[in-house]
Amino acid sequence: MILTIRFLGIVLLIAATAVFVAAEFALVKMRASRLDQMVTDGVKNAPLAKKVHSHLDAYLSACQLGITLTSLALGWIGESTVEAAIHPIFVYLNVPGAVTKVVAFAISFSIITFLHVVVGELVPKSFAISKTEQVVLFVVRPLHFFYKLMYPFIWGLNHSAGAVSRMLGFEFTGEGDESHSEEELRLIASESYKHGDINQSELNYLNRVFDFDNRLANEVMITRQEMVVMNCEMTIEEAAEFSLKEQYTRYPVIKDSKDDIVGVLNTRDLFHAYVKQNLKPTDTIESLIQPIIQVMETVPISDLLEKMKKEHRHLAILLDEYGGTEGLVTAEDILEELVGEIRDEFDIDEIPDIQKITASHYIVAGKVLLETIEKITKVKIDDESSVNTIGGWILSQKYDVEIGDEFTYQGLHFKVVELENHTVKTIELQFDELEK
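Under full-length UniProt numbering, think of the first position of the sequence shown as 1, with each following residue one higher.
What follows is the structure, encoded as structure tokens:
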């Protein structure tokens, strides 16, 4: 009878351990946003679960205390109970007493350890991870009761841990205080993609968001050479014809040169004046010019986007350290850093900046960033000339570059395909994929 009660005690202790283990893993995995939704939906026990989750450190300490107490009790009762149960077998087999003691202890220790690890820890852990919501709602009331019952001990243990941590020279932090770095979030997103939780487009969006704050305006700009501008002395008729030819919505307006930009012209205003005949076709566009944002080329695009939103402007001129025009950036250029390339009805024939021939063979525009080439090839391109683009990097290797010139760098093979205005416009890139 006594042996039966002790075996029942073993079962209850293993069950209690399983509850505490399941509660610990389920609480850690449970998302606060999901709990908020469950409270809104009126799910039973959800309000208490939200309260418990908001004090995660304290309740995790309760789980750890519960696991420790039940494990110690299981070891104390379990081994002696199993040993007492199998002892008659050794007596029947007439095994010497000294041998009986050792073998019985080894068998009882192995059985209790197996039950404790498998039934008390591994199984409830897996169940809690796969059925998180159900487990949280099931264990929250008994866990809350245990926490209230053992509160003085939990409070004392937490403060003792804090005191010992400070004595050892570091600050005690709870598990609920953990946050993720950018690199960890990238890894989480990558793993989610590998397991099919998010698709390739969603992964790309997330990576672009992380890259966004690190981008500078001169990395996404339209260069000075590529800028299409109007002269402030153009007539309405000349500007309309020019706009129909170039097919842009907005044009920087210059006075004498691209270093002397006086504003921006919106073609909507131009054609409105032309159709409504508010201005004569021979009048200049000067009265239609609007102010334009002018900033240093090294401004982060996140800051520039905020400025453009605040001032309701869609175009900004970038200046170098001497006040000369370096290039321009549009709101579309910045948004493309988040959502990828945006093509409108006038971009149908536009050649993409990166054309993939094979997995190790590309045709790339000279304005493609070095870091983009590094991501494609998995090769770090060391540069001491502070250039941002692959075209600029090639020019830093050879100033008098010509079409057909070839360069090799750490297994990467570059060939100049096209030049324009003393810049490298198009490059052929090949590399050995097997080595990457």
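We put the CB at the ideal spot given by N, CA and C, even for glycine.
Can you list, in chain order, the residues of its chain with a C-beta nearer than 7 Å to that of residue i? Leave out the 5 residues immediately preceding and following it.
i	result
I111	V82
Q397	F407
T389	G366, K367, V368, L369, L370
D432	S360, G411
R6	I77, T81
A49	L35, V136, L137, V140
Within a Cβ cutoff of 8 Å, which residues of the same chain sit near residue i, ignoring the five residues on either side of it in sequence?
i	result
F127	A22, V135
Y274	I236, E237, A240, P281
L419	V401, E402, I403, K425
Any chance the CB of residue i is under 8 Å from a heavy atom of the ligand GDP?
i	result
I198	Ligands displayed in this structure: none; no statement on the ligand GDP is therefore possible.
Give every residue of the same chain whose Cβ lies closer than 6 Å to the Cβ of residue i, excluding the five residues on either side of it in the sequence, and list them in chain order.
i	result
N204	none
A73	L13
A331	M308, H314
How big is the Cα-Cα spacing for residue i and residue j?
i	j	result
R166	H55	22 Å
T358	G120	53 Å
T132	I376	39 Å
L429	P47	59 Å
L168	E183	29 Å
I348	F25	Below a pLDDT of 50, predicted positions are generally treated as unreliable, and I348, at 49, falls in that range; the measurement from the model is reported next regardless. Whole-angstrom Cα-Cα distance: 53 Å.
L318	K51	52 Å
A18	D211	43 Å
How far does the beta strand (DSSP E) with residue i in it extend, from its first residue to its last?
i	result
H312	No beta strand (DSSP E) holds H312; DSSP gives it neither H nor E.
N266	261 to 266
P124	No beta strand (DSSP E) holds P124; the alpha helix (DSSP H) holding it covers 123 to 130.
R250	250 to 254
K425	423 to 431
G411	Element bounds for G411: n/a, residue is neither H nor E.
K375	Per DSSP, K375 belongs to no beta strand (DSSP E); it is in the alpha helix (DSSP H), 370 to 377.
Just to confirm the assignment, what range does the alpha helix (DSSP H) spanning residue i have?
i	result
R224	Counting along the chain, R224 falls outside any alpha helix (DSSP H), and DSSP gives it neither H nor E.
Y399	Segment: none, Y399 is in no alpha helix (DSSP H) and carries neither H nor E.
H53	46 to 54
A18	2 to 29
V220	217 to 220
Y322	First-last for Y322: undefined, no H or E at that position.
Judging by CA-CA distance, which residue of the options is the nearest neighbour of residue i?
i	options	result
E326	I373, M227, I301	M227
V295	D57, F170, L304	L304
L335	Y92, E321, Q355, E306	E306
E297	M308, V43, E321, L315	E321
V401	A73, K380, T426	T426
D256	I381, K378, N231	N231
Y147	P96, E191, S181, D57	D57
Does any CB atom of chain B fall closer than 9 Å to the CB of residue i?
i	result
V19	Looking for chain B here will not work: only one protein chain is present.
Under 9 Å, do residue i and residue j count as touching if we go by C-beta distance?
i	j	result
L206	A189	yes
G391	V417	no
A62	L143	yes
I10	G66	no
V253	D333	no
M234	I285	yes
A104	F114	no
L3	A106	no
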